[in-house]
Amino acid sequence: SDAPEVAVPLAPLAPLAGQQSQPQPERRAVQRRRRVLRRAVLDRISSQRSLSLSDADTRSVDSKDDSREDAILDDKLRAVLLLPAFRRAALQMERVLAAQAFKPAQELYRGLPPTDPLAPDLRFEYRLHPLWRMECEWAAGRAVTGLVWNDDNPDLLAVGYGRYLQQDQATGLVCMWSAKNPLLPERMYRFAAPVTAISFARTRPNLLAVGMADGGLALLDVSAPEKSVVADAGDTSESGVASPSWEPLWSMMWMSGEEFHLDEQVLVTAGQDGQVVRWRRGERGVEWTPMLRVPMAEGGEKGVPRLLAASGTCPERGVGLRQFAGVLCMAPVPLDPVRYLVGTEDGCVHECSTNYLHQHKSVFVAHAGPVYRLSFSPFCEKLFLTCGADWTVRIWALGVNEPLVTLAAGMQSVEDASWCPRNSTIIASISGDEVCMWDLRRKTYVPASRTPWSYPSPPTALLFSPGQDNILVGDRDGRIVTFALQDMPLAPYYQTKALVASLERVLVTKPALLASLKKLGEPFV
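Heads up, the sequence shown is in full-length UniProt numbering, so the first residue is 1 and it goes up one at a time.
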C-alpha cells in the first residue's frame with residue numbers, strides 16, 4: 001500500500017498579536033465570521049477542483065453548533081489534501097522550497113561554476129564533497145539494495161530497500177527521489193517482501209520492474225500518482241500468477257524484443273536458484289519462460305586461479321549439494337544484442353546467448369568469491385569490469401580470459417563498482433567503510449583517493465549521476481548520500497583512446513596479454 005494519508009488538523013482560532021481578550025459574545029461573533037470566510041474559500045476551491053461534496057452538508061449545520069461546523073470544515077480540508085491538483089501544487093511548492101534551501105548544493109550538483117582548465121591553482125585530488133542526504137523515516141533500518149536513474153528524466157532516481165543479511169527482518173520499499181527535492185521521496189511503494197533488484201524499462205521509461213526476496217516480481221507505473229501495479233507474479237500477487245522460484249531475484253535487465261520476435265522490450269531476471277527467466281506481458285498480466293539454468297563450476301575453467309589449500313595443492317572438491325549457481329549480476333553485451341554475461345556466486349562469469357536457451361557459450365573464473373557487479377564501459381564496448389568478495393575490481397576484455405587490470409584497495413569485499421560516465425579512465429568502488437576513486441591514467445596499485453564513510457552503517461551501493469560529476473552512495477540504514485566530485489581531472493577529448501592508452505601502459509610488463517588484446521581489433525590497434 002502507499003504511504004499513510006496525512007491529515008493536517010486545523011489550529012484553534014487565537015486572538016491576533018497585540019489584541020486584547022474579547023468578551024465572550026464578541027469573540028463568538030469574530031469566530032463565526034472567520035468560519036464563514038473560511039467556508040467560502042473552501043467552497044471556492046471545491047467548485048474549481050470539482051470536489052464531489054454536497055453543499056447541503058454545510059447549509060444544514062446549525063450556526064450555533066460550532067463543533068459540528070468545525071468537523072465539516074476539517075473533512076473538507078482533508079478532501080482538498082487528497083485532490084490530485086493539490087498534490088501536484090504541493091509537490092511544486094516543495095521543490096521551490098528545496099531549491100531555496102539547497103541552492104549552493106544544487107549549483108554544485110549541476111556543475112556550477114564550471115572548472116577553469118587554465119586556473120593556476122588547478123589540482124587533482126579526487127575529492128568527494130557531500131551535498132545532501134536522501135533519507136526518510138519509512139526507509140530507516142532497510143538496506144539500500146538498488147539505485148537506478150530514469151532514462152527519460154535524469155533527475156528521477158528509483159531506490160530499492162530491503163535487507164542486507166539473511167537474518168534481517170525487513171519489508172520491501174521502493175522510493176522515487178528527485179534531485180530537485182532531496183528532502184522527501186515523491187513516490188513510495190510498499191511490499192511485503194524485501195526488495196532485491198529494480199530496473200527501468202528503456203522504451204517505456206514509466207515502467208519500473210521490482211524483484212523481491214521471495215521470488216516475486218512487480219511492474220510499477222511510476223507516472224500514476226497512486227500505486228499502480230501493471231503486472232505482478234508471486235505468492236502475494238493480485239493476478240494470481242505464480243513465480244518460477246521462491247528464491248531471491250538478484251538481478252534484472254531489459255533486452256530488445258526483436259531477438260525474441262516480440263514488439264516490445266523483454267524483461268530478463270535471474271536469482272539465487274540459477275534460473276534465467278524471460279518475462280513478457282500476456283493475457284493474465286505477465287508470463288514467464290525459462291531461458292537458462294546456470295550450472296556450478298566443475299573446475300578447470302580459465303581465468304584467475306582459485307584459492308589454494310595450505311599445502312599449495314588444489315583442494316579436492318567432493319560432490320556438491322547444489323547443482324546450479326546463484327546468479328548475482330547480469331549485463332547485456334553492447335556489441336551483440338543476443339549475448340549477455342552473468343556473474344555467479346561461485347566467482348564465474350558465463351557468456352550466454354538467447355540463441356542457446358539451455359546452455360552457456362563459455363565460462364571463466366573472474367573472482368575467488370561471489371561476483372557482485374558486472375558492468376560494461378560506456379566508452380569501449382569490448383571492456384567490462386567485475387567486482388567481488390575477493391577484495392578486487394578487475395577489468396576484462398571480451399574474448400580474453402585473463403584480467404587486464406586488478407584493483408585492490410584493502411582486505412574487504414568490494415560491494416559495488418562503476419565506470420564514470422564523464423571520464424573513461426575513472427572508476428569508483430566501495431569497500432568496507434570507504435569510497436575509493438581509481439584513475440587508470442595515474443596509478444592502479446592504490447586508489448587516487450579514499451573517502452571514509454562517516455556513518456555507522458557501511459555502504460552497500462553506488463551510482464554516478466548521468467551527465468554530471470556526482471556520485472550517490474547508499475548504506476544499510478536506508479541512507480543515500482550525494483557527493484560532488486571536486487578537483488577531478490578534465491575529461492579527455494578522445495575518451496576511448498585515453499582508456500586504451502592507459503591499459504597499454506599498465507600492460508607494458510605483460511607483452512603476451514597485450515598481444516592478445518591487440519588481436520581483438522579496434523580500438524586496440
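Positions of the beta carbon are idealized from the N, C-alpha and C atoms, including for glycine. Everything numeric in this text was worked out from a predicted model, so none of it was measured.
Where the beta strand (DSSP E) containing S353 begins and where it ends: Reading the sequence shown from its first residue, position 353 is the one you call residue 353. Start and end: 348 to 353.
Cβ-based neighbour list, S457, same chain, cut-off 6 Å, excluding 5 preceding and 5 following: Against the sequence shown, residue 457 aligns to sequence position 457. The residues are D475, R476, D477.
Distance between F364 and V349 (C-alpha atoms, nearest Å): By 1-based counting over the sequence shown, the position of residue 349 is 349. By 1-based counting over the sequence shown, the position of residue 364 is 364. Near 6 Å, if we compare the C-alpha coordinates of F364 and V349.
Contact check, P185 vs V159, beta carbons under 9 Å: Position 185 of the sequence shown, counted from the start, is the residue given in the question as residue 185. Position 159 of the sequence shown, counted from the start, is the residue given in the question as residue 159. Yes, they are a contact pair.
Nearest-angstrom Cβ-Cβ length linking L173 and W138, presumed shorter than 8 Å: Here residue 173 is taken as the residue at index 173 of the sequence shown, counted from 1. Here residue 138 is taken as the residue at index 138 of the sequence shown, counted from 1. Confirmed, Cβ separation roughly 6 Å.
Same chain, Cβ closer than 7 Å to A242, neighbours up to 5 away in sequence not counted: Within the sequence shown, the letter at position 242 stands for residue 242. Closer than 7 Å at the Cβ level, and outside the excluded window around A242, lie A233.
Through-space distance from R127 to W279, alpha-carbon basis: If you number the sequence shown from 1, residue 279 lands on position 279. If you number the sequence shown from 1, residue 127 lands on position 127. Near 42 Å, if we compare the C-alpha coordinates of R127 and W279.
Alpha-carbon spacing of Q359 relative to P403, whole angstroms: Here residue 359 corresponds to residue number 359 of the sequence shown, with the count starting at 1. Here residue 403 corresponds to residue number 403 of the sequence shown, with the count starting at 1. In a straight line, the C-alpha of Q359 is about 24 Å away from that of P403.
DSSP state of P334 mapped onto helix, strand, coil: On the sequence shown, position 334 is the one that residue 334 refers to. P334: coil per DSSP, three-state reduction.
At least three beta-carbon pairs within less than 8 Å, the stretch 195 to 214 to the stretch 282 to 293: no
Whole-angstrom distance between S251 and T269, CA atom to CA atom: Counted from its first residue, the sequence shown places residue 269 at position 269. Counted from its first residue, the sequence shown places residue 251 at position 251. Going by the C-alpha atoms only, they are around 6 Å apart.
Burial state of V435, where buried means 16 or more other Cβ atoms lie within 10 Å: By 1-based counting over the sequence shown, the position of residue 435 is 435. Looking at its Cβ environment, which holds 16 or more other Cβ atoms inside 10 Å, V435 is buried.
Three-state secondary structure (DSSP) of Q167: Numbered from its first residue, the sequence shown carries residue 167 at position 167. Three-state result, Q167: coil.
Check whether I480 and V144 have beta carbons under 9 Å apart: If you number the sequence shown from 1, residue 480 lands on position 480. If you number the sequence shown from 1, residue 144 lands on position 144. Closer than 9 Å, so yes.
Any C-beta of chain B under 9 Å from that of G369: Although the question refers to chain B, the structure presented lacks it and comprises just one protein chain.
Contact set for L165: own chain, Cβ-Cβ below 6 Å, skip 5 residues either direction: Residue 165 sits at position 165 when you count from the first residue of the sequence shown. Counting only Cβ-Cβ distances below 6 Å, and skipping sequence neighbours, we find nothing.
Within the stretch 442 to 517, ranges of the beta strand (DSSP E) (whole runs, at least 3 residues): 449 to 452, 459 to 464, 470 to 475, 480 to 486
Cα-Cα separation between A389 and M93, rounded to whole angstroms: Here residue 389 refers to the residue found at position 389 when the sequence shown is read from its first residue. Here residue 93 refers to the residue found at position 93 when the sequence shown is read from its first residue. If I take the Cα positions, the gap works out to 45 Å.
CB contact flag (A368, L267, <9 Å): Numbered from its first residue, the sequence shown carries residue 368 at position 368. Numbered from its first residue, the sequence shown carries residue 267 at position 267. No, the Cβ-Cβ distance between A368 and L267 is not below 9 Å.
Residue of A448, V414, D416 minimising C-alpha distance to T425: Position 425 of the sequence shown, counted from the start, is the residue given in the question as residue 425. The shortest Cα separation from T425 among A448, V414, D416 belongs to A448.
Exposure label - N355; buried when at least 16 CB within 10 Å: If you number the sequence shown from 1, residue 355 lands on position 355. Its Cβ having fewer than 16 others within 10 Å, N355 is exposed.
Cα-Cα separation between V393 and A89, rounded to whole angstroms: Numbered from 1 along the sequence shown, position 393 holds the residue referred to as residue 393. Numbered from 1 along the sequence shown, position 89 holds the residue referred to as residue 89. Cα to Cα, V393 sits roughly 46 Å from A89.
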